[in-house]
Amino acid sequence: MSKVRDQYEAFPYPERDPKDEKRRLILGSPSLPQEIDHFVFRGERDWSEPLRILVAGGGTGDGLIQLTTLLTQYGRAYKATYIDLSKASRTTAEARAKMRNLKDITFVTGSLLDAPDYGPFDYIDCCGVLHHLPNPDAGFSRLQEALAPGGGMGFMVYAPYGRSGVYPLQEAFGALYGEAKPQDRLKAARKLFEKLPQGHPFKSNTNVNDHKAGDAGFYDLLLHSQDRAYDVAELCATLERTGWSLSGFVQPVLYDLARFADIPKGMDEITQMALAEKLNGTIRTHTAYAVSKTEARGPALGSNRKLVPHIKGVQAKALAQAILQGQAPKVGDESLSEALSLPKDAGAILMAIDGRRSLQEIAALTKQDPLAFGALWAQVERKLTPWGLLVYSSVLR
Numbered sequence: 000m001s002k003v004r005d006q007y008e009a010f011p012y013p014e015r016d017p018k019d020e021k022r023r024l025i026l027g028s029p030s031l032p033q034e035i036d037h038f039v040f041r042g043e044r045d046w047s048e049p050l051r052i053l054v055a056g057g058g059t060g061d062g063l064i065q066l067t068t069l070l071t072q073y074g075r076a077y078k079a080t081y082i083d084l085s086k087a088s089r090t091t092a093e094a095r096a097k098m099r100n101l102k103d104i105t106f107v108t109g110s111l112l113d114a115p116d117y118g119p120f121d122y123i124d125c126c127g128v129l130h131h132l133p134n135p136d137a138g139f140s141r142l143q144e145a146l147a148p149g150g151g152m153g154f155m156v157y158a159p160y161g162r163s164g165v166y167p168l169q170e171a172f173g174a175l176y177g178e179a180k181p182q183d184r185l186k187a188a189r190k191l192f193e194k195l196p197q198g199h200p201f202k203s204n205t206n207v208n209d210h211k212a213g214d215a216g217f218y219d220l221l222l223h224s225q226d227r228a229y230d231v232a233e234l235c236a237t238l239e240r241t242g243w244s245l246s247g248f249v250q251p252v253l254y255d256l257a258r259f260a261d262i263p264k265g266m267d268e269i270t271q272m273a274l275a276e277k278l279n280g281t282i283r284t285h286t287a288y289a290v291s292k293t294e295a296r297g298p299a300l301g302s303n304r305k306l307v308p309h310i311k312g313v314q315a316k317a318l319a320q321a322i323l324q325g326q327a328p329k330v331g332d333e334s335l336s337e338a339l340s341l342p343k344d345a346g347a348i349l350m351a352i353d354g355r356r357s358l359q360e361i362a363a364l365t366k367q368d369p370l371a372f373g374a375l376w377a378q379v380e381r382k383l384t385p386w387g388l389l390v391y392s393s394v395l396r
C-alpha cells in the first residue's frame, strides 16, 4: 500500500479547499440521511438515538462532511469516526470539519482493515475505496465485522464498461513510470497523454472526466497503482462471500433489463442486471447500499403507510406542478431518460410531500379515498423509485 499512500500524500483526492465550506455543501450518494434510512433501516430508524458512523477511507472528507453537516442541520445526534491512510487527506478533512464547526468526529490515520477496533457502527460509508485495496475481499469482510446489528453500508465501487480505456492507460503508464515519484509520474503521463490518438478508447469515452479536474483527478483516474472494477455479477458474488447482502442500487433503473429487451423466462435477477449493465455500457460506478447477509432486507416500500416520503434530487413542488398541469417531465440524462407520465391526481399527492408528513397524513390532507390513494401512490412509487428520486425517512419528523 506504500504507493497508494504516497499518491494520496502527494495528491489528496478529491481536491478540496476548506474555505469553500463557507459557500457550498457538496451533496451526493451514498450517505444522504434520507437515503440511508430508506435503504438500511427501511424508513423506520429511531432518530432519537445517535447514529454511530464510520467513514472508511474518508479521503478529503466529502462523505463525512455531507452526512455530519446534514445531521447537524436536522438536529440529529451522531458519533462519527473517520479513517484514512493519508495524513494529507486527513488534514483537509479536519480543516473542512473545523470550518463548519462540526462536533463528535474522531479522526484516525490508519487502515480501514482496523475498522472493527473502533466499532460497532450503525452506518458505514465507504465510497471509492474498496477497489483500491490489494485484497478488496478483506476490506468488505472487515467492514462487515465492524457493523452493529441492524446496520448497513453505503458504498461505491468502479464498474468496467463505463470506464472504457482507463485500464490500458493505467497499465501502460505504470509500466513506463511506475517507479518514479508521484510528481514525476504525473508530469510524464500528462505529456504522453497529449500524444494519444483521438480514436483511443479513452479519448472516445464521454463517461469519465476526472482527468479534467486537476492533477489529483488525473492521477487518481489514470495513474493509480492499485485499481480494479466490478461488473454486477462480480460485485454481487463479492458481497455474498464477504457476509453482505445488497439492499439496493441508488438508481435501479440503470440495471433494469426490461428497459432494453424482453426478459427470458426463468432468468434470475443478477443475470438480468448483468445483461442490463452490458447493454447500458455507460455505468462507470456502482453506488449502492448493503446490509449484513444474516439480516438481508431490501429498501423501504410505500405499502407501509406510516412511512414519510421524500422527493430527492429534484424540486418536489415543480414536479408536482408539472404533473398537475398534465405534463410529463423528463428525468435522467443523455444516456438514459424517461418522461414521467402520471395522472393529474398524483400531482396533488406530490404537492403534499414535505419530508415530514407520512403517507397516512398525505392521504388525509388530500382527502383521498384509501383505495384511490393506494392506486395512485403505487404509480408514483413505480415511476420515481427506479430513478432514485423517491426515498422514505423520518429523519425530519
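Counting in numbering that gives the first Met the number 0, the final residue of the sequence shown is number 396, and the numbers go up one at a time with none missing. Where is the CB? At the ideal position from N, CA and C, for every residue including glycine. Note that the structure is a prediction, hence the values are computed from the model and not measured.
{"Asked": "Mind checking Lys311: buried by the 16 CB within 10 Å criterion, or exposed?", "Found": "buried"}
{"Asked": "With three or more beta-carbon pairs closer than 8 Å as the criterion, would you say the region 296-306 touches the region 35-49?", "Found": "yes"}
{"Asked": "Are Thr80 and Thr105 close, meaning C-beta to C-beta below 8 Å?", "Found": "yes"}
{"Asked": "What are the partner residues of Met155, as DSSP defines its beta bridges?", "Found": "Cys126 and Thr286"}
{"Asked": "According to DSSP, simplified to helix, strand and coil, what is Phe106?", "Found": "strand"}
{"Asked": "Which word fits Asp259, buried or exposed, when buried means at least 16 other C-beta atoms lie within 10 angstroms of its C-beta?", "Found": "Note that residue 259 is Phe in the sequence shown, not Asp. So Phe259 ends up on the exposed side."}
{"Asked": "Start and end of the beta strand (DSSP E) containing Tyr160?", "Found": "That residue, Tyr160, is in no beta strand (DSSP E); it is neither H nor E in DSSP."}
{"Asked": "Run through the region 235-322 for me and flag every whole alpha helix (DSSP H) of 4 or more residues, listed as ranges in chain order.", "Found": "268-279"}
{"Asked": "What are the partner residues of Arg51, as DSSP defines its beta bridges?", "Found": "Lys78"}
{"Asked": "Can you grab the Cα-Cα spacing for the pair Glu276 / Asp226, in whole Å?", "Found": "20 Å"}
{"Asked": "Given that a residue counts as buried once 16 or more other Cβ atoms are within 10 Å of its Cβ, and exposed if not, what is Pro148?", "Found": "exposed"}
{"Asked": "If the criterion is Cβ atoms closer than 8 Å, does the pair Tyr12 and Gly58 meet it?", "Found": "yes"}
{"Asked": "Less than 8 Å separating the beta-carbons of Val249 and Ala287?", "Found": "yes"}
{"Asked": "Buried or exposed: which applies to Glu333, given that a residue is buried once 16 or more other Cβ atoms fall within 10 Å of its Cβ?", "Found": "exposed"}
{"Asked": "Along the chain, where does the beta strand (DSSP E) that runs through Ser336 open and close?", "Found": "Ser336 to Ala338"}
{"Asked": "Does the Cβ of Asp83 have 16 or more other Cβ atoms within 10 Å, making it buried, or fewer, making it exposed?", "Found": "buried"}
{"Asked": "Can you tell me the Cα-Cα spacing of Pro135 and Asn279, whole angstroms?", "Found": "26 Å"}
{"Asked": "Going by DSSP, what residues sit across from Leu83 in a beta bridge?", "Found": "The identity of residue 83 in the sequence shown is Asp, whereas the question assumes Leu. Paired residues: Thr108."}
{"Asked": "Between the alpha carbons of Ile52 and Gln72, how many angstroms are there, rounded?", "Found": "17 Å"}
{"Asked": "In the DSSP assignment, find the beta strand (DSSP E) that holds Tyr117 and state where it starts and stops.", "Found": "Per DSSP, Tyr117 belongs to no beta strand (DSSP E) and is neither H nor E."}
{"Asked": "Which whole-angstrom value is the C-beta distance of Ala158 and Asp230, which I expect to be below 8 Å?", "Found": "7 Å"}
{"Asked": "How would you call Asp116, buried or exposed, if buried means at least 16 neighbouring beta carbons within 10 angstroms?", "Found": "exposed"}
{"Asked": "Compute the distance between the beta-carbons of Leu253 and Ala289, then report whether it is under 8 Å.", "Found": "no"}
{"Asked": "Are the region 316-329 and the region 194-205 touching by the rule of at least three beta carbon pairs closer than 8 Å?", "Found": "no"}
{"Asked": "Could you check if Gln182 is buried or exposed, using at least 16 other CB atoms within 10 Å of its CB as the buried criterion?", "Found": "exposed"}
{"Asked": "For Ala137, which residues of its own chain have a beta-carbon under 7 Å away from its beta-carbon, when the five flanking residues on both sides are left out?", "Found": "Leu112"}
{"Asked": "Between Ser392 and Gln33, how many whole angstroms is the CB-CB distance? I'm expecting something under 8 Å.", "Found": "4 Å"}
{"Asked": "Compare the Cα-Cα distances from Arg283 to each of Ser110, Lys180, Arg189 and Asn208 and report the closest residue.", "Found": "Asn208"}
{"Asked": "According to DSSP, simplified to helix, strand and coil, what is Pro29?", "Found": "coil"}
{"Asked": "Which residues in the same chain have their Cβ closer than 6 Å to the Cβ of Phe154, if we skip the five residues on either side of it in sequence?", "Found": "Cys125"}
{"Asked": "Note the first and the last residue of the continuous alpha helix (DSSP H) segment covering Tyr229.", "Found": "Here Tyr229 belongs to no alpha helix (DSSP H), and DSSP marks it neither H nor E."}
{"Asked": "Comparing alpha-carbon positions, which option in Pro133, Leu132, His131 and Ser140 lies nearest Ile123?", "Found": "Ser140"}
{"Asked": "At the level of alpha carbons, what is the spacing between Ala96 and Val156?", "Found": "25 Å"}
{"Asked": "Quick test of your reading: Leu256 and Leu274, contact by CB under 8 Å. State the CB separation rounded to the nearest angstrom.", "Found": "5 Å"}
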